[in-house]
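Encoded as structure tokens, the structure appears first; notes follow it.
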Amino acid sequence: MANRRMTTVVVVGALTMLVPAAWAGGPLTETQTLPFGFPLSPGSALLQFDQFDDQGGQRILQRVTVDLAAAIGASVTAENESVIPAPDFALVLAGFLTNDIRDISTFSGFNETYATDGSVAPSDGVPGSGPDFWDFGSVSAMANESSEETTNLAPFIGAGTVDADIFASGGFSILGATDATIVISDFMASGTVTITYEFLSLVGACCLPDGSCVQTTEADCTAMGGTSYASGVECAAADCVAPGGPDRVGCTEKGSLLVFSKVELRWTDGGAVLQDTFLSLTNDHPHDVKVQLYFINGDAPLPADPTTGERAHPGWNWLDNELTLTGNQPTYWSALTGQPAAGGLSPFTALDPGFPPGRPAVDGTGDRVLRGYIVGWAVDRDNQEIRWNHLTGNGTIVSYGGGSGWEYNACAYQVVNDAIAHGATTGTPGVLNLDGTEYAQSFNELLLNFQAVGSVAFSGPRLIASDTDLTLHPVDVDLRQETDGPVTTKASFNVWNMNEVKFSGADRCITCWDQTLLSMYDLPNHFLLQNLQTDHGKARIDGLASQVCDVDFDPGDGLPLGADPRDIVSREAALHGIFARLLTIDGGLDRAASGANLVGMGFQSSVIQYDVLGEPDELTGGRGLFSRTSP
């Protein structure tokens, strides 16, 4: 039996509707959305939204808009109790819902009719079945309303909250019968309330003549000889360019320094190989060049576990290799074996040897993994960095267990000082300054376009669910023997869905290197479909100093944070990133993967430090003994 839905009346009215203010230069917006749901009838809910932060008067609130998407509904059956047929038997759902936020109020009225197919018979005296019985199933009435305020805005400004008071009531009746029984279950009101703050900002990005950027007023920017962007534009979006061109890392270009951001080996718990990473490196110049490579273990040290018998694992350690490329020579090697690059390289497993190989994965697969990244740069015979903007590379992840593979480009930094000849040394030996003066700068922020975890939007003839494996690491790294330790930074995420709704508050502390599925990120996890509320989204990622990531190793020692070398002190840092989109097909019957580098924007300086080898001492004989003398 099919219902015929007839909309007879929908009354939706705003109690407060004010004339919009005129906009000069266009407003900026901040949006919050909260869901509600409660049983009827009647029923109510209280939602709490954050007030607007005017940042000490630097932002001027212009308008507050409240959007309501509401519905009431239930599962309903009805039975004709009359002795005559009821061909016009129909169900009527009527009710209303109000929403009050300060002086902004909305009223939504509902009146929906659900008809039958005209076959309802007279009462047969048997309750709950028969030709006199009709199951209307799940029925609902919906309304959407928007209201706004532009004058009395003071109650919305501050560091506290504003309440949304929601009240709803409703009921059911029968048409076409003099007597009927209605059975109702799960009678609910539900929906979302969205509050949007529209505001003007007194400050914006200012590009200074040297290519740097500051947030300031238009007048102050002009006084400093800069170029001012529209109010509210952040420096990362302004993309200021230093004189002489955009001296910034590129992941589709040649350079003197390369970063391979993802190396991942996988085995079964019995040691059978599941995944390898192949690295390629090309010298696109007719002369030979030596490349200094560092293989870096991205995971933290792991102590032995006497309960499980798991051995101890080193972490955040590294090893170095040298590779000489002849003129115009391309080469490649397996991270698992170090072959077949000319002469061979250390296998990545040298960072954590032992059997079974790798360490237990934390993604719930039961696999064992060894993960990290590789950096390499052109050097002369004395191991000092040189200008050689002719190196390119890429990494290829081959999953034997999953039957898939994908590839990413190595990001390249050029030596940008045109006064330095090709092949000549640059900068201070052992210190690579990625500052736009020696080498190109890093990105200030990264942009990730992602499919929401759990989305099935890629489905067609087969059901496909999405997840994303995100790799992030600071560009700064200290590779000296007497190192200051791995760099820690807070990856701060600002996320937008397809409706331009912004979500903030997500972050992740990253020490040295991090690779994690978006489905496993900590709360608030804006990457989940039920939280993002659209199939696709974007995230801007910035590496920041934050007490969230600081760790005082011994809080009782009376020393300030950082005085103990075992303390972890986070800092602002540029990031590199790789994403892999993982597709599960028909519940795991098949799998597929694709990946790429994250898009970067803005400019930020970074430093890589390493030990330069000095000349060896001579060994000379003396009194029958060997002794060392300096040349």
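Everything in the sequence shown is counted per the numbering used here, starting at 1231 for the first residue and increasing by one. Cβ atoms here follow ideal geometry from the backbone N, Cα and C, with glycine treated the same way. Predicted model only: the values in this text are computed from it and were never measured.
### Message
Within a Cβ cutoff of 6 Å, which residues of the same chain sit near Ala1775, ignoring the five residues on either side of it in sequence?
### Response
Here residue 1775 is taken as the residue at index 545 of the sequence shown, counted from 1. If we look at Ala1775 and ignore the five residues flanking it on each side, its Cβ neighbours are Ser1800, Arg1801 and Glu1802.
### Query
For Gly1462, which residues of its own chain have a beta-carbon under 7 Å away from its beta-carbon, when the five flanking residues on both sides are left out?
Here residue 1462 corresponds to residue number 232 of the sequence shown, with the count starting at 1. Around Gly1462: Leu1258, Ser1431 and Gly1434.
### Message
Under 8 Å, with one C-beta from each stretch per pair, do the region 1621 to 1637 and the region 1816 to 1829 reach the 3-pair mark?
### Response
yes
### Message
For Leu1693 and Val1686, what's the separation of their Cα atoms in angstroms?
### Response
The count along the sequence shown starts at 1 and reaches residue 1693 at position 463. The count along the sequence shown starts at 1 and reaches residue 1686 at position 456. Cα to Cα, Leu1693 sits roughly 7 Å from Val1686.
### Query
Any contact of the region 1662 to 1674 with the region 1748 to 1765, i.e. 3+ C-beta pairs under 8 Å?
no
#### Entry: Rounded separation between Asn1724 and Thr1424 - CA only
What you label residue 1724 is simply residue 494 of the sequence shown in a count that begins at 1. What you label residue 1424 is simply residue 194 of the sequence shown in a count that begins at 1. Each residue's alpha carbon lies about 18 Å from the other.
### Task
To the nearest angstrom, report how far apart Leu1812 and Thr1411 are at their CA atoms.
Locating residue 1812 in the sequence shown gives position 582, counting from the first residue. Locating residue 1411 in the sequence shown gives position 181, counting from the first residue. Leu1812 and Thr1411: Cα-Cα distance of roughly 52 Å.
### Message
Excluding the 5 residues flanking Arg1289 on each side, which residues of the same chain have their C-beta closer than 6 Å to its C-beta?
### Response
Position 59 of the sequence shown, counted from the start, is the residue given in the question as residue 1289. Around Arg1289: Phe1429 and Ser1431.
### Task
With DSSP as the reference, label Pro1785 as helix, strand or coil.
The residue you call residue 1785 lines up with position 555 of the sequence shown. Of the three classes helix, strand and coil, the one that applies to Pro1785 here is helix, per DSSP.
### Query
What do you get for Glu1615, buried or exposed, if any count of 16 or more other CB atoms within 10 angstroms of its CB means buried?
Working through the sequence shown from its first residue, we reach residue 1615 at position 385. It is buried - the Cβ of Glu1615 has at least 16 other Cβ atoms within 10 Å.
### Message
I'd like to know whether the C-beta of Ala1308 is nearer than 8 Å to at least one C-beta of chain B.
### Response
Of the protein chains in the structure, only one exists, and it is not chain B.
### Whole-angstrom distance between Val1592 and Val1239, CA atom to CA atom
To locate residue 1239, count along the sequence shown from 1; it is residue 9. To locate residue 1592, count along the sequence shown from 1; it is residue 362. Legend: pLDDT at Val1239 = 25, less than 50; position of this residue unreliable, no value from coordinates given.
### Task
Taking the CB atoms as reference points, tell me whether Leu1291 and Asp1284 lie closer together than 8 Å.
Sequence index remark: in the sequence shown, residue 1291 carries index 61 (1-based). Sequence index remark: in the sequence shown, residue 1284 carries index 54 (1-based). It is a contact, given that the beta carbons lie within the stated cut-off.
### Message
DSSP three-state label for Gln1760, please.
### Response
Locating residue 1760 in the sequence shown gives position 530, where the first residue counts as 1. If DSSP states are grouped into helix, strand and coil, Gln1760 belongs with the helices.
### Query
What do you reckon, are the CB atoms on Asp1744 and Leu1702 nearer than 8 Å?
As a position in the sequence shown, residue 1744 is number 514, starting the count at 1. As a position in the sequence shown, residue 1702 is number 472, starting the count at 1. It is a contact, given that the beta carbons lie within the stated cut-off.
### Cβ contact check for the region 1295 to 1309 and the region 1319 to 1335: 3 or more pairs under 8 Å
yes
### Query
What three-state label does DSSP hand Leu1819 in the structure shown?
Counted from its first residue, the sequence shown places residue 1819 at position 589. Leu1819 falls in the coil class under three-state DSSP.
### Message
Less than 8 Å between the beta carbons of Ser1403 and Ala1373, yes or no?
### Response
In the sequence shown, counting from the first residue as 1, residue 1403 sits at position 173. In the sequence shown, counting from the first residue as 1, residue 1373 sits at position 143. No; because the gap between Cβ atoms is not below 8 Å, this pair is not in contact.
### Thr1336: first and last residue of the uninterrupted alpha helix (DSSP H) it sits in
Mapped onto the sequence shown, residue 1336 falls at position 106. Unbroken run through Thr1336 is the beta strand (DSSP E), Ile1334 to Ala1345; no alpha helix (DSSP H).
### For Arg1796: DSSP bridge partner residues
The residue labelled residue 1796 in the question sits at position 566 within the sequence shown. According to DSSP, which records beta bridges pairwise, Arg1796 is partnered with nothing at all.
### Query
Ends of the alpha helix (DSSP H) at Glu1483?
Translated into the one-based positions of the sequence shown, residue 1483 becomes position 253. That residue, Glu1483, is in no alpha helix (DSSP H); it is neither H nor E in DSSP.
### Query
Tell me which same chain residues have a C-beta within less than 7 Å of the C-beta of Gly1574, skipping the five on either side of it?
Looking up residue 1574 in the sequence shown gives position 344. Excluding residues within five positions, the ones whose Cβ falls inside 7 Å are Gly1568.
### Query
How about Trp1548 and Ala1530: do their beta carbons lie closer than 8 Å?
On the sequence shown, residue 1548 is found 318 positions in, with the first residue counted as 1. On the sequence shown, residue 1530 is found 300 positions in, with the first residue counted as 1. Cβ atoms of Trp1548 and Ala1530: not closer than 8 Å.
### Message
Just list the residues that DSSP pairs Cys1437 with in beta bridges.
### Response
Against the sequence shown, residue 1437 aligns to sequence position 207. DSSP, once it has assigned bridges, lists Cys1443 and Thr1457 as partnering Cys1437.
### Task
Please report the residue range of the beta strand (DSSP E) in which Ile1302 lies.
Residue mapping note: residue 1302 aligns to position 72 of the sequence shown, counting from 1. Note, Ile1302: beta strand (DSSP E), Arg1289 to Asn1310.
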